[in-house]
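Encoded as structure tokens, the structure appears first; notes follow it.
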Amino acid sequence: MEKIKSRRIVGWLGIVLLVAATTRAEQPPSAPAPGAPAQGAQAGRVMSVLPSTDTSGLNLAGPLQNALARLYQSTGAFNLQLASYSLPGYAAADVKKLETYLNSPLLSFCYLEKERIAVFLFDANRPDDFIVASQSLVDANGQPVLTNEWIEHQFRAAFAQVITLYKQNQFQPLPGSHVDSEQLAQEEAEDARKRAAESRRLFRELAQLEERNYYIGASVGMARFAGEGASTSTVDVGGFAGLKISDSMRLEGGVDVFSYALVHLDMRYHLPINEKYVSAALSLGVGDILTNVTKNLGYEATTLNSGQLLFGPGISFNIPLLGANIRGDLRFYLGGGSVLLGSYGLTYSL
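Just so we're aligned: 54 in my numbering is position 54 of the sequence shown, and the numbers increase by one with no gaps anywhere.
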């Protein structure tokens, strides 16, 4: 067991030696004070190599940080410094805070797990973006392969991919920093639907807040009536009272006064139209001419006879409003003459 452990330690040391053997002969940059470049660093943008993260249990965080710094130094494109501060989070504010503290526009670090190894790069010129490249450390059976040769090979491959992406300016958004326009449009549409549904629900609740079994109402409009070969129009004023039999049925009686006094009894059926601001109803009623009220100049007063029964359909729309309804009504009665009544009115629950 001790022999296996010793081989593993020697293997991990070999990774560092192999990386060092293929890069410059200089010692790795020492960790300077925040914002100060490393001694002997090459000209270019300042690159801070942060401490690596190792969750594999192999304790390679330190060697990987030095190895990553050497790989960056070998490109000759960066002014390297080792940092002793880790990135507190992946939000743009966290990255900017550390870049400002280290006076370094570029940050990079390595992340090692049993299943993969990844290299991250952050650029102050792209505050909402980052670059990451990862390479798998598992075999075809999904088992980790943690030999020193394989880890070094995948580590170098991840670094090479990061450099390629950096040169090609191929960044990806930090989590939560960008909102997809299509997703935003869908969310706005969904919010609009929710608000509309909530508005309709609240409107119905307010409309039904005081709704009871009895109601009264009044209306004003026009009456068009004909009989004995003559017809005319005049103003109509009406009043009515109703009984709620069920959610859809109402029994209603009232009187309309135009040139005649017409009493009527109607059965009203409220159409099952849901989720609407306006409801509609159909009616079927019977009317009786009580008396002549005014004389129409140019027409005989007996155009419609007193006691004459009329029958006919009707249609109306209702706009509910806090226990009341604004009503538009159209009724047509026939029988020994005809009466067409069109009016607007207001009903109120008792």
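For each residue, glycine too, the CB sits at the ideal point set by N, CA and C.
Here the structure is a predicted model, which is why all the values come from computation and not from measurement.
Exposed or buried, what is residue i when buried is set at 16 or more other beta-carbons lying within 10 Å of its beta-carbon?
i: residue 238; result: buried
i: residue 213; result: exposed
i: residue 65; result: buried
i: residue 196; result: exposed
i: residue 152; result: buried
i: residue 252; result: buried
i: residue 227; result: buried
i: residue 375; result: No answer is possible for residue 375: it lies beyond the span of the chain, which begins at 1 and ends at 350.
i: residue 125; result: exposed
i: residue 242; result: buried
i: residue 139; result: exposed
i: residue 250; result: buried
i: residue 46; result: buried
i: residue 27; result: With a pLDDT of 43 at residue 27, under the threshold of 50, the modelled position of that residue is not reliable, and no figure is offered here.
i: residue 135; result: buried
i: residue 272; result: exposed
i: residue 102; result: buried
i: residue 49; result: buried
i: residue 10; result: Interpretation of residue 10 is limited by its pLDDT of 43, a score under 50 that renders its predicted location unreliable; the figure taken from the coordinates is listed afterwards. Label assigned to residue 10: exposed.
i: residue 247; result: exposed
i: residue 293; result: exposed
i: residue 336; result: exposed
If we ignore side chains and look at the alpha-carbon of each, how far apart do residue i and residue j end up?
i: residue 324; j: residue 348; result: 4 Å
i: residue 116; j: residue 110; result: 11 Å
i: residue 186; j: residue 193; result: 11 Å
i: residue 230; j: residue 303; result: 7 Å
i: residue 260; j: residue 269; result: 27 Å
i: residue 254; j: residue 262; result: 8 Å
i: residue 172; j: residue 164; result: 14 Å
i: residue 281; j: residue 174; result: 57 Å
i: residue 68; j: residue 159; result: 8 Å
i: residue 121; j: residue 166; result: 8 Å
i: residue 56; j: residue 113; result: 5 Å
i: residue 23; j: residue 63; result: Confidence in residue 23 is poor, its pLDDT being 42 and thus under 50, which makes the residue's placement unreliable; the coordinate value appears in the next sentence. C-alpha separation (whole angstroms): 15 Å.
i: residue 72; j: residue 141; result: 33 Å
i: residue 61; j: residue 54; result: 5 Å
i: residue 289; j: residue 219; result: 18 Å
i: residue 233; j: residue 317; result: 23 Å
i: residue 307; j: residue 350; result: 31 Å
i: residue 291; j: residue 191; result: 59 Å
i: residue 328; j: residue 279; result: 11 Å
i: residue 189; j: residue 215; result: 40 Å
i: residue 157; j: residue 198; result: 55 Å
i: residue 277; j: residue 244; result: 20 Å
i: residue 96; j: residue 321; result: 55 Å
i: residue 170; j: residue 119; result: 15 Å
i: residue 168; j: residue 123; result: 13 Å
i: residue 52; j: residue 44; result: 23 Å
Can you give the beta carbon distance from residue i to residue j, rounded, assuming they're within the 8 Å contact cut?
i: residue 106; j: residue 98; result: Incorrect: roughly 11 Å between the Cβ atoms, too far for contact.
i: residue 137; j: residue 161; result: Contact flag wrong, Cβ pair sits at about 15 Å.
i: residue 330; j: residue 342; result: 5 Å
i: residue 313; j: residue 283; result: 7 Å
i: residue 326; j: residue 319; result: 4 Å
i: residue 334; j: residue 309; result: That belief does not hold up - the Cβ atoms of residue 334 and residue 309 are roughly 10 Å apart, past 8 Å.
i: residue 264; j: residue 286; result: 7 Å
i: residue 223; j: residue 266; result: Residue 223 to residue 266, Cβ: 16 Å. No contact.
i: residue 240; j: residue 217; result: 5 Å
Let's see if you can read the secondary structure: which residues bound the alpha helix (DSSP H) around residue i?
i: residue 75; result: 61-75
i: residue 99; result: 92-102
i: residue 83; result: Element bounds for residue 83: n/a, residue is neither H nor E.
i: residue 250; result: Counting along the chain, residue 250 falls outside any alpha helix (DSSP H), though it belongs to the beta strand (DSSP E) covering 249-257.
i: residue 140; result: No alpha helix (DSSP H) holds residue 140; DSSP gives it neither H nor E.
i: residue 212; result: Premise fails: residue 212 is in no alpha helix (DSSP H) and is neither H nor E.
Mind checking which residues open and close the beta strand (DSSP E) that includes residue i?
i: residue 49; result: 45-49
i: residue 315; result: 309-321
i: residue 112; result: 106-112
i: residue 293; result: Segment: none, residue 293 is in no beta strand (DSSP E) and carries neither H nor E.
i: residue 148; result: Here residue 148 belongs to no beta strand (DSSP E); instead the alpha helix (DSSP H) covers 148-167.
i: residue 232; result: 230-244
i: residue 347; result: 338-349
i: residue 261; result: 260-270
i: residue 57; result: Note, residue 57: premise wrong, no beta strand (DSSP E); not H, not E.
i: residue 119; result: 116-123
i: residue 331; result: 324-334
Flag residue i as yes when its Cβ comes closer than 6 Å to any non-hydrogen atom of the ligand COA, and as no otherwise.
i: residue 188; result: Here there are no bound small molecules, and the ligand COA is not part of this structure.
Practice task
Indicate whether the contact test is met: 3 or more Cβ pairs, each with one atom in the segment 74-83 and one in the segment 126-145, closer than 8 Å.
Solution key: no
Exercise for the section: Determine, using beta-carbon pairs with one atom in the segment 86-101 and one in the segment 71-78, whether at least three such pairs fall under 8 Å. Expected result: no
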